[in-house]
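Read the structure below first, then the notes.
Protein chains: 2
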Amino acid sequence: MSDTRTNAGIDNVSVFRKMFTWSVPGERFITILTAGNLATTQALISLLEERTRTSADRDPELLSVPTMFQAAYLVGETLKSVIQSQSLTGQEADSKFGATIIIGGQVKGSEPRLFMVYPEGNFVEAGEETPFFQIGETKYGRPILLRAFSKDMSFNDAAKLLCVSFDSTLKANLSVGMPLDLLTYEADDFAPRHQMRLDADNQYFATTSNIWRDALQNALEQLPEFAFETDTDD
Amino acid sequence: MSDTRTNAGIDNVSVFRKMFTWSVPGERFITILTAGNLATTQALISLLEERTRTSADRDPELLSVPTMFQAAYLVGETLKSVIQSQSLTGQEADSKFGATIIIGGQVKGSEPRLFMVYPEGNFVEAGEETPFFQIGETKYGRPILLRAFSKDMSFNDAAKLLCVSFDSTLKANLSVGMPLDLLTYEADDFAPRHQMRLDADNQYFATTSNIWRDALQNALEQLPEFAFETDTDD
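Shown next, in the form of structure tokens:
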């Protein structure tokens, strides 16, 4: 799931897609989620697109790399070179032009894989102990993911959890905003199982947000009373 | 409430108090909470202490300033000069040596007041619409505060909420750690109403953390099912 808000200052807010997909039916499916400087991530996606579409281009292509590892490597190298070319003007540029990427998908003949790519171009893969990645404004929505995410969840339960997690972030930070893009991938589909956009007026999201707020307040009331007296040292 | 963990890299973790108090019985009570560079905050507190204890020192003193506004101003000016003196060696120093302060308390003759002081030395006051401040690693614990905090809460309910909020942060970030210091102040007491430390083995905190985790998971299960089918656009 990804939001769509980008901003250059709070008076310059726009909606841009941060989730991109490439596929060859029956053979491969790749999705990329982006966070960070919009010029950097747009250049990255444009370069990946050009390499995908121009058969004369001899560079490696997302649609022809033999493995997801090679796809992550391609994205990392492209990202690094975009940041370097935009950074030649100043020493603060590395952080200013930075971006972080999640790339997931499957190439026929191997399992689905999920990577997080850093601005430096290197990347890590999700595994048993770290089954999910977050990029961008990660902190507000993280506690509920840590407490409630399970690898065995259904897509429906995972989507519900993501709504709650994004709701926490949306409530706390103006740099994250609706609509939200959501995509699920089932092994060996080589196409999205579900792909949808939750708009600002999405009824499920609004209802869930209210029920969740009430549930948190109820849960808080159910906790044992805090007792100052028994532990005070004054 | 404040934690006590400071670190210079994850292999250099120490326990330091980040909550400090000054009082003149029956006349004033002031508490300061610190976040940021430890050298900066220790220098700040030392300078405030020296000015408090040395009667020969002609500088303004926390124990003699006529209002909480003047106290916040004193803290801001002292903080700014500490950061400037430590920053003379490099241009990145402003953020490196930065610190943020919460100062609250009451001087007889006026209401209790609460301020947040920035590294630049300026400060803002809590009010009707912004009744609480956070400093330091604020994001993980913020969503539950936004959803559940109310100005009308009892001290017991507020302490319970703070435990839950800190628990979210403790679970997500190694830079925040037990023990936690907790202080409450009731108008016209001119001394803390409660002052205690919750150690790593605090039974209430551990129990509450577990109950909260279960309650969140239950609350999540009670939310309406997420339905892909009704909204899909693929």
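Heads up: the protein sequence lines correspond to chains A and B, in order. Okay, so the first sequence: first residue is 88 according to my numbering, each after it adds one. Okay, so the second sequence: first residue is 88 according to my numbering, each after it adds one. Ideal placement from N, C-alpha and C gives every residue a C-beta, glycine not left out. The structure displayed is predicted, hence computed values, not measured ones.
Does any C-beta atom of chain A lie closer than 7 Å to the C-beta of residue i?
i: B/Glu312; result: yes
i: B/Thr108; result: no
i: B/Gln193; result: no
i: B/Arg92; result: no
i: B/Arg234; result: yes
i: B/Ala122; result: no
i: B/Phe315; result: yes
i: B/Pro153; result: no
i: B/Leu307; result: yes
i: B/Arg138; result: no
Judging by CA-CA distance, which residue of the options is the nearest neighbour of residue i?
i: A/Met240; options: B/Ala213, B/Asn124, B/Leu307, B/Gly163; result: B/Leu307
i: B/Lys247; options: A/Gln171, A/Asn305, A/Asn297; result: A/Asn305
i: A/Glu273; options: A/Glu198, A/Leu120, A/Thr154; result: A/Glu198
i: A/Asp301; options: A/Val251, A/Glu136, A/Ile170; result: A/Val251
i: A/Thr217; options: A/Tyr205, A/Pro206, A/Ser237; result: A/Ser237
i: A/Gly208; options: A/Pro153, A/Leu131, A/Lys105; result: A/Leu131
i: B/Phe202; options: B/Gln309, B/Met155, B/Arg280; result: B/Met155
i: B/Ile190; options: B/Ser262, B/Thr108, B/Ile97, B/Leu232; result: B/Thr108
i: A/Met283; options: B/Pro206, B/Phe313, B/Asp254; result: B/Phe313
i: B/Phe315; options: A/Pro311, A/Phe253, A/Asn289; result: A/Asn289
i: B/Arg104; options: B/Pro206, B/Ser110, B/Asn94, B/Gly113; result: B/Asn94
i: B/Ser265; options: B/Arg280, B/Asp244, B/Ala293, B/Ser174; result: Before going further, note that residue 265 of chain B is Met rather than Ser in the sequence given. Checking every option, the nearest Cα to that of B/Met265 belongs to B/Ala293.
i: B/Pro311; options: A/Tyr291, A/Gln129, A/Ile231; result: A/Tyr291
i: A/Ala158; options: A/Arg200, A/Ala213, A/Asp276; result: A/Arg200
i: A/Asp276; options: A/Gly196, A/Asn99, A/Gly96, A/Val263; result: A/Gly196
i: B/Ser255; options: B/Glu212, B/Ala245, B/Ala213, B/Trp299; result: B/Trp299
i: B/Ala126; options: B/Gly113, B/Pro153, B/Ser174; result: B/Ser174
i: A/Gly96; options: A/Leu303, A/Val263, A/Pro206, A/Thr295; result: A/Val263
i: B/Ser296; options: B/Ser110, B/Phe253, B/Val211; result: B/Phe253
i: A/Val152; options: A/Glu114, A/Gly123, A/Asp98, A/Ala245; result: A/Glu114
i: A/Asn124; options: A/Pro206, A/Val111, A/Gly192, A/Asp98; result: A/Pro206
i: A/Pro112; options: A/Gly192, A/Gln309, A/Met106, A/Gln129; result: A/Gly192
i: A/Glu212; options: A/Ser110, A/Met106, A/Asp98, A/Tyr160; result: A/Tyr160
When you compare the CB of residue i with every CB in chain B, is at least one pair closer than 7 Å?
i: A/Leu166; result: no
i: A/Ile117; result: no
i: A/Ala274; result: no
i: A/Pro112; result: no
i: A/Lys199; result: For clarity, residue 199 of chain A is Pro in the given sequence; the question names Lys instead. Closer than 7 Å: no.
i: A/Arg104; result: no
i: A/Gln304; result: yes
I think residue i touches residue j, with their Cβ atoms under 8 Å apart; what is that distance to the nearest whole Å?
i: B/Leu267; j: B/Ser89; result: 7 Å
i: A/Leu270; j: A/Thr118; result: 6 Å
i: A/Gln221; j: A/Arg234; result: So it is not a contact: roughly 14 Å between Cβ atoms.
i: B/Phe116; j: B/Ala278; result: 6 Å
i: B/Thr91; j: B/Leu135; result: B/Thr91 to B/Leu135, Cβ: 19 Å. No contact.
i: A/Leu149; j: A/Arg138; result: 7 Å
i: B/Lys226; j: A/Tyr227; result: 5 Å
i: A/Asn204; j: A/Val162; result: According to the sequence displayed, residue 204 of chain A carries Val and not Asn. Rounded, the Cβ-Cβ distance is 5 Å, consistent with contact.
i: B/Phe219; j: B/Leu232; result: 7 Å
i: B/Asn260; j: B/Glu215; result: Their Cβ separation, rounded to whole angstroms, is 31 Å, which puts B/Asn260 and B/Glu215 out of contact at 8 Å.
For residue i, is the beta carbon positioned less than 6 Å from some heavy atom of the ligand NAP?
i: A/Leu310; result: Of the ligands one can find in the structure shown there are none, so the ligand NAP has no counterpart to examine.
Mind listing which residues of the stretch 237–251 of chain B have their C-beta closer than 8 Å to chain A's C-betas, in chain order? Phe242, Asn243, Asp244, Ala246, Lys247, Leu248, Cys250, Val251
Please list, in chain order, the residues of the stretch 255–272 of chain B that have any C-beta partner in chain A closer than 7 Å. Ser255, Lys258, Ala259
Counting only Cβ-Cβ distances shorter than 8 Å, please list the residues of the stretch 287–298 of chain A near chain B, keeping chain order. Asn289, Tyr291, Thr294, Thr295, Ile298
Which residues of the stretch 205–228 of chain B have a Cβ closer than 9 Å to any Cβ of chain A? Give them in chain order. Glu224, Thr225, Lys226, Tyr227, Gly228
Touching by the beta-carbon criterion (3+ pairs, under 8 Å), the stretch 159–171 of chain A and the stretch 183–199 of chain A: yes
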